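Visitor: Protein chains in written order, with our numbering: chain A, 3 to 670; chain B, 88 to 341; chain C, 20 to 390. For every residue, glycine included, the Cβ atom is placed at its ideal position computed from N, Cα and C. Quick caveat, the model's predicted, so the values are computed rather than measured. This is the structure I have questions about; it appears just below.
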């Protein structure tokens, strides 16, 4: 009873913070159908500004700066307003140019902004945590309820603030002109425009209010847990998003209920289930998946919101006109390529020749390794591209397939054969090639199993559900130590070999990877240039029309998951053997988002796009290591990357290789 | 005349709302059957139920003696019913020819291995249907746009592409859901000609349309839906003289 | 870089012609890698500060000159492998330092094996790294040694009968926790229960509520200072007034500035004592405060000592011929009881280090010797 009471008290406090952040997501999503991942970072910025204002002095950029040392009651509103301003500016300059772009472009901008803000925060405030200053209320001794349940005075304040602000927001949306305009826009943006509502103003208002709520939640969170840190916003942001979906995205009471529910599930799951704390993050996702299976619109969501607009991912709308130099390059490359058009095979063979020659011309093992990673990530992205780019299903759980392939071969080679049966890996070198197939098929099977419950979902709900699957698999890999050795990882995986000839050197690994890439690239290309590819793309472009034209949409969706999974599994096996070590560290949510970004940067639904995206990303990060100011400020490398992502998306929302659209027929 | 489609007691409920109530309809093979009724009468829901896109709550749909009422959309297409949409639903990011080829989806029999190894079976199949698709594009008069993106096609041509796409499934019954909406009279005339030629190929048509002129011109029989129920059904002249139809359309004053 | 190589070979050439050239100054390039941005950047940055300070002092003293090129792995295995290869392929790099995550070091080891580049890591404790490569060494004690010593200390010296164990769910936390519980139970103690958390967790209230229900007389935290401070703070708020025990991961001035009153009385262990400047540690502790305006922590101390070991190995390698990757690697094996701020350094055959631990207690906002 004592435990129960204390857990309940903890859960309510946590739930209040989740709910506040969930409001931010839900509000903006309701108006522009955008999951603004950057709210997690605005949450963090709010906390940092508030703490800075409260301290007598703060070290900014490593220099001690005098601060006003305001009391919380003054610092908090100031911090919240500043963050609101940042939110509005972000909307104006980063999102507004993308109003008519494909829906994934603003999502990638949101991720880019997250990375940028996080890195800048580390530059400004440093990498160490700052503790939240004490003040009058926080120093009061905790109240003891029923003899044993400890509740801080501030926790009650947090709850009260949460309730009051939610009520105020609800009244605002229900009874002010702007609030009603927001609701109208959420229900039917076109009709809202027709009756004279300024969409720009409504969207700016949604971002403003969302940012205010994120900042409020952030500083309450910082106060409750006593610290601020540049990466503090990521997990609460993700949880809040989950809460918003749980409650039904677009619904304010839904966000409140979702936040509370999520906190209760997590807290009680962790408190009462055996080894519950380790699996804590998995419970929320588990419940979310179950709920979405039976009630795809969330608890209080309305069904209509669950309809993704047709052609949601890869629209034909464009952002700003690309800069002159880019257009010039594209024209040059195209005119050059056009010369080869009569014999397209010549072009393919030429590229292949160059790729093979690279293995022998590049003498630096470092650059060969970079190319191996470009191939690996290009292939992973190609696999995901089947699901996202061609079929239009936003999948954020793709790393699970990669992990399955990697762990399959690692467990088999090291834990089973070597450690249990004493079989030397060199004696079973051929098993690597067999595993490529087994890993592929196992991952494909998993793809079907994970894909099946998502068949009814569309758009962003699908993304959240797949994200949940991916995280559950990663959390399991981390905690099921008997199977995977958990965070210790599995080492000693043999390099690939051909008979007695070891292929462990970067040069040979690159060639093995290249061979794999050629085969997979060709297979994907041939599937796409057929009735299968047309069925996939038709689902992406308009699912109900595809259905009406006789495409068995569930079957082709599952087939897309299976094909994508297959590629992920195969690459996983190769990855494990080329790294000779696997650990859950390689299969994080960020890796997942990264793979998605590679496709969007390169060009969704193109064959070459994933490789272009991978080359850009991996080479950029490596080259940036050598820039002198990165040497002294390592975190700015990712700030640069975030900035590059945002600019790229604003100017080229269709991706770099947008013109390399695949013909969905056999080339003649 | 032989009966192609027989609908009996078809009912569709959305929660408490009954959108289609106990509708009976039978369509003779080779005929053009019109379906009219004011907005919100349940015409589109009726078409959606026929094509399996909404689940019917009761009644039977029989095509050529085959029961279809619990079939999935792709099974219904395979049975020989295909449709166009009132609000155009093309695959915007695909070319005109590719759009048409999606219509032919059900005819492709190549296996995955055929595709991956580019077998001659696969190549033959692909070539055959590209040729047929080109013919249908020619038939509706948009052949020269075959490599244009569907989203950039002029409005009237988009309607034609929808018809060509549906024709490629080789349907026995073609459902045209307000194919002339938003067209001027010249475009309507051209489309009417196309519809007549489709009929001449022996394809039965269920035509939903508001333009009474066109209905008179094209159809053999007319059914009137009102508040989800069949108000009347009969030959064009019979129906147009029916007093209840005038009331439904023009209000009691007429 | 080409110029630098020329200078280097010029120096080598002169060394051949000059008598007594074995003591000629060498230019040594150190590749430093760790997570320097992202979630866990603080550990790596501290290590680098320690190393930078050491090289500044060594370079100022004349003789061999050391230059550091650093690369941020951001805690990502992919970057870890590429950085390892980058250092391997860069012929100027003679030795590698750093590493904040065992997983990344484990992913990088096969690459170093391929090019024979010696590594001296500072903050990775996984038992899997013992003997993983003949080029890999570390100057931190393994989890097993640490946990065992703490387990015995808790039972025998502190006389704690009922300890609740909470550890970080990774190689470090699991290693320490396993060793601790084994030693503690062998010494007659009884574990009240075990909990695990992921590095970076902020909310421990649920786990603390669970622990409180088991009424232990102490809680052993197998993890780093950021989490240890939160556990203590949130525990106190829940009315959990017990003895807190920590590891070397918590031996950090930040523990006190984050945890404030709540960590008062916590006992941790470590290889160096940040509060007490002995003759060995004075240049480090005072130099660090002067350079960075803050007190050093265990990560900085390990980085400093690793740099000292590199300097020592360079000296040894220089005495027996030219300084190459191979000769440096051999030289590391020859280092014997080199004094340092974390005690004497000797590397065993499998690359591990043995050493003594101090037990320190937080008293009046200061670490003080516990025994």
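By a C-beta neighbour count over all protein chains shown, 10 Å radius and 16 as the cutoff for buried, is residue 326 of chain A buried or exposed?
Guide: exposed
Visitor: Can you tell which of C:97, C:158, C:149 and C:111 has the C-alpha that lies nearest to the C-alpha of residue 130 of chain C?
Guide: C:97
Visitor: In angstroms, rounded to a whole number, what distance separates the CA positions of residue 23 of chain C and residue 47 of chain C?
Guide: With a pLDDT of only 44 at residue 23 of chain C, under the threshold of 50, the placement of this residue in the model should not be trusted; the figure read from the coordinates follows. Each residue's Cα considered, the two are about 11 Å apart.
Visitor: Please return the same chain residues whose Cβ sits closer than 8 Å to the Cβ of residue 1 of chain A, not counting the five positions on each side in sequence.
Guide: Nothing about residue 1 of chain A can be read from this structure; chain A reaches only from 3 to 670.
Visitor: At which residues does the alpha helix (DSSP H) containing residue 318 of chain C begin and terminate?
Guide: 317-338
Visitor: Under three-state DSSP, which class holds residue 271 of chain C?
Guide: DSSP places residue 271 of chain C in coil when its eight states are reduced to three.
Visitor: In whole angstroms, give me the CA-to-CA distance for residue 44 of chain C and residue 270 of chain C.
Guide: 37 Å
Visitor: Please report the straight-line C-alpha distance between residue 439 of chain A and residue 607 of chain A, rounded to a whole angstrom.
Guide: 25 Å
Visitor: With a threshold of 6 Å on Cβ separation, who are the neighbours of residue 37 of chain C within its own chain once the five nearest residues in sequence on each side are excluded?
Guide: In this predicted model, residue 37 of chain C has a pLDDT of only 42, less than 50, meaning its place in the structure is not dependable; the value taken from the coordinates is given anyway. Excluding residues within five positions, none has a Cβ falling inside 6 Å.
Visitor: Can you check which of these residues, B:228, B:209, B:241 and B:227, is closest to residue 194 of chain B by C-alpha distance?
Guide: In terms of CA proximity to residue 194 of chain B, B:209 leads the group B:228, B:209, B:241 and B:227.
Visitor: With a threshold of 9 Å between beta carbons, is residue 285 of chain B in contact with chain A?
Guide: So, not an interface residue.
Visitor: Look at the alpha carbon of residue 91 of chain B and the alpha carbon of residue 150 of chain B, and state the distance between them as a whole number of angstroms.
Guide: 6 Å
Visitor: Is it buried or exposed, residue 628 of chain A, if we count other Cβ atoms within 10 angstroms and call 16 or more buried?
Guide: exposed
Visitor: Within its chain, find whatever has a CB closer than 8 Å to the CB of residue 200 of chain B; leave out the 5 residues flanking it on each side and keep chain order.
Guide: The answer, listed in chain order, is 206.
Visitor: Under a Cβ-count criterion, where at least 16 other Cβ atoms within 10 Å of its own Cβ denotes burial, should residue 160 of chain A be classed as buried or exposed?
Guide: Flag for residue 160 of chain A reads buried.
Visitor: Apart from the five residues on each side of it in sequence, which residues of its chain come closer than 8 Å, Cβ to Cβ, to residue 137 of chain A?
Guide: 56, 73 and 74
Visitor: Could you check where the alpha helix (DSSP H) with residue 113 of chain C kicks off and where it finishes?
Guide: Per DSSP, residue 113 of chain C lies in no alpha helix (DSSP H); the unbroken beta strand (DSSP E) holding it starts and ends at 112-117.
Visitor: Extract the residue ranges of the alpha helix (DSSP H) inside the stretch 116-160 of chain C, only unbroken runs of 4 or more that lie entirely within it.
Guide: 121-134
Visitor: Going by DSSP, which residues form a beta bridge with residue 91 of chain C?
Guide: Beta bridge pairing from DSSP links residue 91 of chain C with C:53.
Visitor: Nearest CA to the CA of residue 388 of chain A: which residue from A:584, A:564, A:89 and A:478?
Guide: A:564
Visitor: For residue 561 of chain A, is the classification buried or exposed, using 16 other Cβ atoms within 10 angstroms of its Cβ as the cut-off for buried?
Guide: That one is buried.
Visitor: Tell me, please, whether the CB atom of residue 272 of chain A is closer than 9 Å to any CB atom in chain C?
Guide: yes
Visitor: My guess is that residue 112 of chain A and residue 37 of chain A are in contact by the Cβ rule of under 8 Å, so how many angstroms apart are they, rounded?
Guide: 7 Å
Visitor: Residues of chain A with CB under 8 Å from residue 256 of chain B, in chain order?
Guide: By Cβ distance, chain A contributes 551 and 552.
Visitor: With a threshold of 9 Å between beta carbons, is residue 518 of chain A in contact with chain C?
Guide: no
Visitor: Are there 16 or more other CB atoms within 10 angstroms of the CB of residue 212 of chain A, so buried, or fewer, so exposed?
Guide: buried
Visitor: Pull up the CB-CB distance for residue 285 of chain A and residue 271 of chain A, whole angstroms please, since I reckon it's below 8 Å.
Guide: Going by Cβ atoms, the distance from residue 285 of chain A to residue 271 of chain A rounds to 4 Å, so yes, they are a contact pair.
Visitor: Could you check whether the Cβ of residue 6 of chain C sits closer than 9 Å to any Cβ belonging to chain A?
Guide: Because chain C is modelled from 20 through 390, residue 6 of chain C falls outside the range shown and cannot be assessed.
Visitor: Please report the residue range of the beta strand (DSSP E) in which residue 308 of chain B lies.
Guide: Residues 308-313.
Visitor: Under a CB-based cut-off of 9 Å, is residue 202 of chain C close to chain A?
Guide: Answer no: the Cβ-Cβ gap between residue 202 of chain C and chain A never drops below 9 Å.
Visitor: What residue range is occupied by the uninterrupted beta strand (DSSP E) comprising residue 249 of chain A?
Guide: Element bounds for residue 249 of chain A: not the beta strand (DSSP E) but the alpha helix (DSSP H), 236-249.
Visitor: Between the Cα of residue 259 of chain B and those of B:117, B:98, B:297 and B:111, spot the shortest distance and give me the residue it belongs to.
Guide: Of B:117, B:98, B:297 and B:111, the smallest CA-CA separation from residue 259 of chain B is found for B:117.
Visitor: Which residues of the stretch 631-662 of chain A have a Cβ closer than 8 Å to any Cβ of chain B? Give them in chain order.
Guide: none
Visitor: For residue 543 of chain A, count the other beta carbons within 10 Å of its own beta carbon; 16 or more makes it buried, fewer makes it exposed. Which is it?
Guide: buried
Visitor: Between the Cα of residue 261 of chain C and those of C:183, C:312, C:76 and C:159, spot the shortest distance and give me the residue it belongs to.
Guide: C:183
Visitor: Whose C-beta lies closer than 7 Å to the C-beta of residue 27 of chain C among residues of the same chain, with five residues either side of it excluded?
Guide: Residue placement at residue 27 of chain C is poorly supported in this model, since its pLDDT is 44, which falls under 50; the coordinates still yield a value, given next. Excluding positions up to five away in sequence, the list reads 46.
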